[in-house]
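Here the protein sequences line up with chains A and B, keeping their order. Our numbering puts the first residue of the first sequence at 1, with every later residue one more than the last. Our numbering puts the first residue of the second sequence at 314, with every later residue one more than the last. Backbone N, C-alpha and C define an ideal beta-carbon position, used for all residues, glycine too. Scroll down for the structure; my scribbles are underneath it.
Protein chains: 2
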Amino acid sequence: MKKVIGIDLGGTYLRHGLVDESGNILHQAKEVVRKERSETAIIKQIFNGIQPYLKEKPVALGLGVPGIVSTEKGIVYSSPHYPDWNNFSITHLLQNELPIPVVIDNDANLVALGESWLGAGRDWDSFILLTLGTGIGGAIIIDRKIFHGTNGFAGEIGHMVLSAEGPLCPCGSRGCLEVFASASGLKRILAAMIEDGELPQNQALEDLQGAPNHEQVRELSELARKGSGTAAEIWRQFGYYLGIGLASIINATGIQKIILGGGLMGAQDLFLDAAKKELGQRTYQQTALGVEIRKAQLGDPAGILGASRLAFR
Amino acid sequence: MKKVIGIDLGGTYLRHGLVDESGNILHQAKEVVRKERSETAIIKQIFNGIQPYLKEKPVALGLGVPGIVSTEKGIVYSSPHYPDWNNFSITHLLQNELPIPVVIDNDANLVALGESWLGAGRDWDSFILLTLGTGIGGAIIIDRKIFHGTNGFAGEIGHMVLSAEGPLCPCGSRGCLEVFASASGLKRILAAMIEDGELPQNQALEDLQGAPNHEQVRELSELARKGSGTAAEIWRQFGYYLGIGLASIINATGIQKIILGGGLMGAQDLFLDAAKKELGQRTYQQTALGVEIRKAQLGDPAGILGASRLAFR
């Protein structure tokens, strides 16, 4: 059976694996991205990481990269996690070192392709995927293929505007879905509630403001599950905005099948009902009736699997 | 050369024509929709209207209908202009009276298909069309075909939410693009400015509040062109929201080619710069660089031509 190398480059970890045509991961590894994050340093780390797979004669290599990527040109235009990269011809440079074809795509697109191949989207021709993490990743699958739009930058669903005059987003816009329905969004909702004096004396919540994202998320989940009405309200607001964002993308594209992934889905019991309620109020009845929301199934290896699928094609 | 019948049913007018494979309109007519707007009355009016074309042996009939339409099932689920219609099997009923295949789609979708065939989108594989009128019509063309989403209700771009807590929209949601960037949106912006006391004593503008939509639009354009800073500001706000809506749909789908049509494009000199400015601020640079906006070219017959194109397929 043919094999390929699938790579998922994130902001913190580099994951890679050798995958066969049925989607079995024969070997895999996860390493921390080194401190030196230049273009050449990354190429080197990838090349070293995949050395062991080469003797098994893979036929291609697929790679997912966070950021604005052109699959056609093999270029990473920019990446939030790698600010020094600038029109980085990553495909070309890898290709120079390797005897097999190399193909890249945006990381969220490849997670979606993985879910389409072997996960929650197996029986759907078309769907929208959102990953809810520090930010929001997005992808659109149409007829089992990644939809790229005109120049390849589709799926920035986290940057649909939900609140024209809302909080500034790192992308330069204001009130994007991502500033509400992400880990950094939770932090923002919490801060806004404290500032508006909507939080009754609640030291546990006030202390949370300085904590790192993942700790806040865990703590806010625990507090809500232990009965804190305020923590529950923060999650409800998170769900409210997520529901509005889903309504917008469903109304615009007519794609009613949704897969939600990312670390925050561990708290879906705290926000998904609010999201569905808001979504129902903001779509026509005929549209709302056909909406289906599923949780992503593949977890950590989704990116490797999607990259492998891309490489097989 | 083969011929088909193309029909464009609007809220006020019924337009129909006989069209050949090159897109020549051999005959056409426009009639006011009769007062009796039941399902059977419309079928009768359509049937009477197209009688003269039947002797020329058309091979199919295409029909555009405003509202939520399933092309696959030939059903109009609901229509803003025909509130009595309820799961109206319009294709089936027309088919009973006619010896040729009948196919329907949403009116904005067919305007887009017309522009793709013979108009502003001739050289674009994929684009988004918005018609700016009393409301906003929307359509997505991908690879020269109408994109229908999961159940056929794609292109409700006017119902992307731009302002989560904004004004109530007739669709049941709040702060949709349509409540700002349409003729009724202009009225709303005007009313809000008067209410906020942002309008200095300006009888001409205050008097406009009660006027019908099309008169308001004309008057606001004239006032702005004659130098009224307030009227110009209303159009600027219109453009601001249009730009945000375009940023949202472009970010989400990656489709960077846009066609704008509808009656309000007569005032494009008053709002398009503001829209482009806002769009530029709310998209990544790589995305913004590829954006192209064109004015629809086909005007009134666009619906007939799109319906004909559909019929030929």
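Compare the C-alpha of Leu94(A) against each of Ile42(A), Asn106(A), Thr131(A) and Lys55(A) and name the closest.
Walking along the first sequence from the start, residue 94(A) turns up at place 94. Among Ile42(A), Asn106(A), Thr131(A) and Lys55(A), the Cα nearest to that of Leu94(A) belongs to Ile42(A).
With His527(B) as the anchor, note down where its alpha helix (DSSP H) starts and where it stops.
Along the second sequence, one-based indexing puts residue 527(B) at 214. Counting along the chain, the unbroken alpha helix (DSSP H) around His527(B) starts and ends at Asn526 to Arg538.
Residue range of the unbroken beta strand (DSSP E) whose run includes Gly266(A):
Along the first sequence, read from residue 1 onward, the residue named residue 266(A) stands at position 266. From DSSP, Gly266(A) is part of no beta strand (DSSP E); its letter is neither H nor E.
Taking one C-beta from the region 400 to 415 of chain B and one from the region 453 to 461 of chain B each time, how about it: are there three or more such pairs within less than 8 Å?
no
Using a Cβ-Cβ distance under 8 Å, would Gln550(B) count as near chain A?
If you number the second sequence from 1, residue 550(B) lands on position 237. Against chain A, the CB of Gln550(B) has no partner CB under 8 Å away; the residue lies outside that interface.
Using a threshold of 8 Å, state whether the C-beta atoms of Gly333(A) and Ala29(A) are closer than that.
A question about residue 333(A) goes unanswered here, because the residues of chain A that appear run from 1 up to 313.
Determine the contact status of Gln256(A) and Gly290(A), defining contact as a CB-CB distance below 8 Å.
What you label residue 256(A) is simply residue 256 of the first sequence in a count that begins at 1. What you label residue 290(A) is simply residue 290 of the first sequence in a count that begins at 1. The answer is yes: Cβ separation under 8 Å.
Using a Cβ cut-off of 7 Å, pull out every chain B residue sitting near Glu156(A), in sequence order please.
Counting from one through the first sequence, the residue named residue 156(A) turns up at place 156. The contacting residues are Asn564 and Ala565.
Quick check: is the beta carbon of Ile572(B) nearer than 8 Å to any beta carbon in chain A?
Reading the second sequence from its first residue, position 259 is the one you call residue 572(B). No, Ile572(B) lies away from the interface with chain A (no Cβ there is under 8 Å from its Cβ).
With 8 Å as the limit, tell me which residues of the region 429 to 444 of chain B have their beta carbon closer than that to any beta carbon of chain A; keep them in chain order.
Ser439
In the region 159 to 177 of chain A, which residues sit with their C-beta less than 7 Å from some C-beta in chain B, listed in chain order?
His159, Met160, Val161, Leu162, Ser163, Ala164, Cys171, Gly172 and Ser173
If you run the structure through DSSP and keep just helix, strand and coil, what is Leu298(A)?
By 1-based counting over the first sequence, the position of residue 298(A) is 298. Looking at Leu298(A) - three-state DSSP - the assignment turns out to be coil, as it is neither helix nor strand.
Within 8 Å of any Cβ in chain A, is that where the Cβ of Tyr390(B) sits?
Position 77 of the second sequence, counted from the start, is the residue given in the question as residue 390(B). Yes, Tyr390(B) counts as interfacial toward chain A.
Span of the alpha helix (DSSP H) holding Gln598(B)?
Here the question's residue 598(B) lines up with position 285 in the second sequence. Per DSSP, Gln598(B) belongs to the alpha helix (DSSP H) from Gln598 to Leu602.
Could you check the C-alpha separation between Val111(A) and His159(A) for me, to the nearest Å?
Along the first sequence, read from residue 1 onward, the residue named residue 111(A) stands at position 111. Along the first sequence, read from residue 1 onward, the residue named residue 159(A) stands at position 159. Roughly 19 Å separates the two Cα atoms.
Run down chain B in chain order and give the residues with a C-beta less than 9 Å from the C-beta of Asn151(A).
Residue numbering aside, residue 151(A) sits at position 151 when the first sequence is read from its first letter. Ordered by position in chain B, the residues that pass the 9 Å Cβ test against Asn151(A) are Gly567, Gln569, Gln599, Thr600, Leu602 and Gly603.
Which two residues bound the contiguous alpha helix (DSSP H) that contains Ala181(A)?
Indexing the first sequence from 1 puts residue 181(A) at position 181. Segment: none, Ala181(A) is in no alpha helix (DSSP H) and carries neither H nor E.
3 or more residues per run - each beta strand (DSSP E) lying fully within the region 98 to 132 of chain A:
Here the runs fully enclosed are 102 to 106 and 127 to 132.
Give me the Cα-Cα distance between Pro101(A) and Gly74(A), rounded to the nearest whole angstrom.
Locating residue 101(A) in the first sequence gives position 101, counting from the first residue. Locating residue 74(A) in the first sequence gives position 74, counting from the first residue. When rounded, the distance between both Cα atoms is 11 Å.
Could you tell me which of Asp207(A), Leu270(A) and Gly243(A) sits nearest to Lys226(A), measuring between CA atoms?
Along the first sequence, one-based indexing puts residue 226(A) at 226. The candidate whose alpha carbon is nearest that of Lys226(A) is Leu270(A).
For Thr353(B), count neighbouring Cβ atoms within 10 angstroms of its own Cβ and tell me buried if that reaches 16, exposed if not.
Position 40 of the second sequence, counted from the first residue, corresponds to residue 353(B). With fewer than 16 other Cβ atoms within 10 Å, it is exposed.
Taking its Cβ as the centre, do 16 or more other Cβ atoms sit within 10 Å of Asn400(B), making it buried, or is it exposed?
Reading the second sequence from its first residue, position 87 is the one you call residue 400(B). Asn400(B) is exposed by the Cβ-count criterion.
Suppose the cutoff is 6 Å on Cβ atoms and the five residues either side in sequence are ignored; what does the same chain contact list for Arg236(A) look like?
Position 236 of the first sequence, counted from the start, is the residue given in the question as residue 236(A). These residues qualify, in order along the chain: Ala274.
Within a Cβ cutoff of 8 Å, which residues of the same chain sit near Asn515(B), ignoring the five residues on either side of it in sequence?
The residue you call residue 515(B) lines up with position 202 of the second sequence. Contacts found: Ser541 and Thr543.
Name the DSSP bridge partner or partners of Ile293(A)?
On the first sequence, residue 293(A) is found 293 positions in, with the first residue counted as 1. Ile258(A), per the DSSP bridge assignment.
Please state whether DSSP places Asp520(B) in a helix, a strand or coil.
Numbered from its first residue, the second sequence carries residue 520(B) at position 207. Here Asp520(B) sits in helix by DSSP.
Is any heavy atom of the ligand FAD found at a distance shorter than 7 Å from the C-beta of Arg236(A)?
With respect to small molecules bound, the structure shown includes none, and the ligand FAD cannot be examined in it.
Identity of the residue in Gly575(B), Ile606(B) and Ala615(B) nearest Lys589(B) by Cα:
Within the second sequence, numbered from 1, the residue matching residue 589(B) stands at position 276. Out of Gly575(B), Ile606(B) and Ala615(B), Ile606(B) has the C-alpha closest to the C-alpha of Lys589(B).
Starting from the Cα of Lys57(A), find the closest Cα among Ser79(A), Lys2(A) and Leu14(A) and give me that residue.
Working through the first sequence from its first residue, we reach residue 57(A) at position 57. Ranking Ser79(A), Lys2(A) and Leu14(A) by Cα distance to Lys57(A) puts Lys2(A) first.
Within its chain, find whatever has a CB closer than 7 Å to the CB of Ser621(B); leave out the 5 residues flanking it on each side and keep chain order.
By one-based count along the second sequence, residue 621(B) stands at place 308. Hits under 7 Å: Val317, Gly319, Val332 and Gly375.
Report all residues from its chain with a CB closer than 7 Å to the CB of Ile250(A); omit the five preceding and five following residues, and keep chain order.
Locating residue 250(A) in the first sequence gives position 250, counting from the first residue. So the qualifying residues of the chain are Gln256, Thr283, Thr287 and Val291.
Closer than 7 Å at the beta carbon, the chain A residues around Ala560(B)
Sequence index remark: in the second sequence, residue 560(B) carries index 247 (1-based). Result: Val161 and Ser173.
Local Cβ density within 10 Å of Gln529(B), reported as buried at 16 or more and exposed below that:
Taking the first residue of the second sequence as position 1, residue 529(B) is located at position 216. Its Cβ being crowded by 16 or more others within 10 Å, Gln529(B) is buried.
Which word fits His214(A), buried or exposed, when buried means at least 16 other C-beta atoms lie within 10 angstroms of its C-beta?
As a first step, residue 214(A) must be located in the first sequence, where it is residue number 214. Exposed, because fewer than 16 other Cβ atoms sit within 10 Å of the Cβ of His214(A).
Under 7 Å Cβ to Cβ from Pro480(B), same chain only, skipping five residues before and after it: list those, please.
By one-based count along the second sequence, residue 480(B) stands at place 167. Counting only Cβ-Cβ distances below 7 Å, and skipping sequence neighbours, we find Arg487, Gly488, Val492 and Arg501.
Hey, is His461(B)'s beta-carbon within less than 8 Å of any beta-carbon in chain A?
Position 148 of the second sequence, counted from the first residue, corresponds to residue 461(B). Chain A contact via Cβ: present.
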